[in-house]
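Colleague: The structure's right below; bear with me while I get my questions together.
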Amino acid sequence: MTPRQRVLAAINHQQTDQVPIDLGGTRQSGIAASTYHELKQPIDLRTPTRVYDCYQMLAEVERPVMERFGADVVGLNRPQVAFGIDNKDWKSWQMFDGTPVEVPGGFNPVTDESGDLVLLREGIAIARMPKDGYYFDRLEKYPGAAHLPVDQVNPPTMSSALAEHYRVQAEALWQNTDFAIVAPMGPPYELFFGLGTGDFSAWMMTMATEPDYVDELLGKLTDIWIENLKRFSDAVSDRVQIIQICDDFGMQHAPFLSPKMFRNRIMPFYKRGIEWIHQNTSMKLLLHSDGALRTLIPSLIEMGVDILNPVQTSADGMDAAELKAEFGDQLVFWGGSLDCQHTLPFGTVEEVIQEVTEHMQVFAPGGGYVFAPVHNIQAKVPVENVIAMYDTAKAFSFV
Numbered sequence: 001m002t003p004r005q006r007v008l009a010a011i012n013h014q015q016t017d018q019v020p021i022d023l024g025g026t027r028q029s030g031i032a033a034s035t036y037h038e039l040k041q042p043i044d045l046r047t048p049t050r051v052y053d054c055y056q057m058l059a060e061v062e063r064p065v066m067e068r069f070g071a072d073v074v075g076l077n078r079p080q081v082a083f084g085i086d087n088k089d090w091k092s093w094q095m096f097d098g099t100p101v102e103v104p105g106g107f108n109p110v111t112d113e114s115g116d117l118v119l120l121r122e123g124i125a126i127a128r129m130p131k132d133g134y135y136f137d138r139l140e141k142y143p144g145a146a147h148l149p150v151d152q153v154n155p156p157t158m159s160s161a162l163a164e165h166y167r168v169q170a171e172a173l174w175q176n177t178d179f180a181i182v183a184p185m186g187p188p189y190e191l192f193f194g195l196g197t198g199d200f201s202a203w204m205m206t207m208a209t210e211p212d213y214v215d216e217l218l219g220k221l222t223d224i225w226i227e228n229l230k231r232f233s234d235a236v237s238d239r240v241q242i243i244q245i246c247d248d249f250g251m252q253h254a255p256f257l258s259p260k261m262f263r264n265r266i267m268p269f270y271k272r273g274i275e276w277i278h279q280n281t282s283m284k285l286l287l288h289s290d291g292a293l294r295t296l297i298p299s300l301i302e303m304g305v306d307i308l309n310p311v312q313t314s315a316d317g318m319d320a321a322e323l324k325a326e327f328g329d330q331l332v333f334w335g336g337s338l339d340c341q342h343t344l345p346f347g348t349v350e351e352v353i354q355e356v357t358e359h360m361q362v363f364a365p366g367g368g369y370v371f372a373p374v375h376n377i378q379a380k381v382p383v384e385n386v387i388a389m390y391d392t393a394k395a396f397s398f399v
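Be aware that the sequence shown starts at 1, since it is given in full-length UniProt numbering, and climbs by one per residue.
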């Protein structure tokens, strides 16, 4: 099987020749630039390490690294991945820990009196990286946090230039690689979590006390999302196999909201957009949502979600065997590699191998599984553990 065939089989619940692997295919299955730079050294790859996501400081995973670790997925990203900065005109830069990287030419943080890095837009601070930190904290507030009237919330629809970018890049990835292609194309701001940025508590209270306002707002955002989906689909044709949405509904021990509130306030709008995808394209829908989602999973399936990422098995109620037994015939699991909060950064190589093997034995049989880290691999994770994680997945046998 080619990587693309392998992923397509897996997401259609068919047994594959080997387990498909995602390394850097999404902004939630990537790797911190400093860790990636170290990962390249054992394979003697001397190319510059590029930071394509200046918010999370994620590395652009290169073809030799993808091939070395058996990756089957590549991402189709917009030209401005973070903070409105175009990924072009690359220049040399150095991270706090001394890692040499390349960053976009428009990435120009200033250093304040405390040594923090600050990104400015028209003189206003929009993000901050604490001194000796590894990624930025966003300071911007989305419109919903300020409770703007719905007629004043006007996210732009996809421009002709952006649609052309997607067309050209999708064609290039289709013709020049045999990887499965995944593209993020969610609604403006994220219907649940994104609107709360800056004042999440206020947004939760609005959700609970002003249903008419919330319905009107999310209805408008969904209308714009569907218009963008139409333009995206026209641009990429059948080149993209997986479309991704991101919205974090879960914490470590429980969802942020009850199943009843989810079904009343959030689900109808996502369902409308997902139904458009399923009725008008062949793309599968991947939802990235961290945390303890067990009580929401039946609603996610009803909503139209085909694939769940990152499958945080360390969260309450997210036991791998129970998830596979209860939902494995209806839902594809994308992630679930091991505990990336504890075992991956702090465990031994032997512990990494053992946990990855145990999870593969649960998730992989029968298809319906793509191996990936449970969210991005962080800075300072031991490279030997990263290598052990992917090598164990790559060598896994169904026999």
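All C-beta atoms, glycine included, are put in the ideal place defined by N, C-alpha and C.
Would you decide whether M205 is buried or exposed? Buried here means 16 or more other CB atoms lie within 10 Å of its CB.
Modeller: Your numbering for residue 205 matches position 205 in the sequence shown. Per the 10 Å Cβ criterion, exposed.
Colleague: Please state the DSSP three-state secondary structure of E102.
Modeller: Within the sequence shown, residue 102 is the residue found at index 102, counting from 1. Strand at E102.
Colleague: Just to confirm the assignment, what range does the alpha helix (DSSP H) spanning D223 have?
Modeller: The sequence position of residue 223 within the sequence shown is 223, counting from 1. Start and end: 211–236.
Colleague: Let me know the secondary structure DSSP gives D137 once reduced to three states.
Modeller: The residue labelled residue 137 in the question sits at position 137 within the sequence shown. Looking at D137 - three-state DSSP - the assignment turns out to be strand.
Colleague: Please report the residue range of the alpha helix (DSSP H) in which I353 lies.
Modeller: For this step, residue 353 is matched to residue 353 along the sequence shown. Per DSSP, I353 belongs to the alpha helix (DSSP H) from 349–363.
Colleague: Is it the case that the CB of G30 approaches a heavy atom of the ligand GDP more closely than 6 Å?
Modeller: The ligand GDP is absent from the structure shown, which contains no ligand whatsoever.
Colleague: Short of 6 Å in beta carbon distance, which residues of its chain neighbour Q330, apart from the five on each side in sequence? Order them along the chain.
Modeller: The residue labelled residue 330 in the question sits at position 330 within the sequence shown. Once the five neighbours on either side are set aside, the close Cβ partners of Q330 are I301.
Colleague: Checking 7 Å against the spacing of the C-beta atoms, do T26 and Q244 come in under that value?
Modeller: Taking the sequence shown and counting its residues from 1, one reaches residue 26 at position 26. Taking the sequence shown and counting its residues from 1, one reaches residue 244 at position 244. Yes, the pair counts as a contact, with Cβ atoms nearer than the cut-off.
Colleague: Only counting runs of 4 or more residues, tell me where the alpha helix (DSSP H) segments fall wholly within the segment 18–95, in order along the chain.
Modeller: You should have 33–40, 63–68.
Colleague: Taking K324 as the reference, give the member of G304, L344, E350, I297 with the closest Cα.
Modeller: Taking the sequence shown and counting its residues from 1, the one referred to as residue 324 is at position 324. Out of G304, L344, E350, I297, I297 has the C-alpha closest to the C-alpha of K324.
Colleague: Within the segment 268–322, note down every full alpha helix (DSSP H) run reaching 4 residues or more, in order along the chain.
Modeller: Counting whole runs of 4 or more residues, the segment 268–322 contains the alpha helix (DSSP H) stretches 297–303.
Colleague: Can you give me the start and stop residues for the beta strand (DSSP E) that Q5 sits inside?
Modeller: As a working note, residue 5 is residue 5 in the sequence shown. Careful: Q5 lies outside any beta strand (DSSP E), inside the alpha helix (DSSP H) at 3–11.
Colleague: Can you tell me the Cβ-Cβ gap for H288 and P259, rounded? I've got them flagged as a contact below 8 Å.
Modeller: Residue mapping note: residue 288 aligns to position 288 of the sequence shown, counting from 1. Residue mapping note: residue 259 aligns to position 259 of the sequence shown, counting from 1. H288 to P259, Cβ: 19 Å. No contact.
Colleague: DSSP puts I168 in a beta bridge; with which residues?
Modeller: Here residue 168 refers to the residue found at position 168 when the sequence shown is read from its first residue. In the sequence as displayed, the identity of residue 168 is Val instead of Ile. Paired residues: none, contrary to the question.
Colleague: Please confirm if the segment 244–257 is in contact with the segment 181–198, defined as three or more CB-CB distances below 8 Å between the two stretches.
Modeller: Contact between the segment 244–257 and the segment 181–198 is present, because at least three Cβ pairs lie under 8 Å.
Colleague: I need the boundaries of the beta strand (DSSP E) containing L119, first residue and last residue.
Modeller: The sequence position of residue 119 within the sequence shown is 119, counting from 1. From DSSP, the beta strand (DSSP E) with L119 extends over 117–121.
Colleague: To the nearest angstrom, how far is the alpha carbon of E60 from that of P48?
Modeller: In the sequence shown, residue 60 corresponds to position 60, counting from 1. In the sequence shown, residue 48 corresponds to position 48, counting from 1. Roughly 10 Å separates the two Cα atoms.
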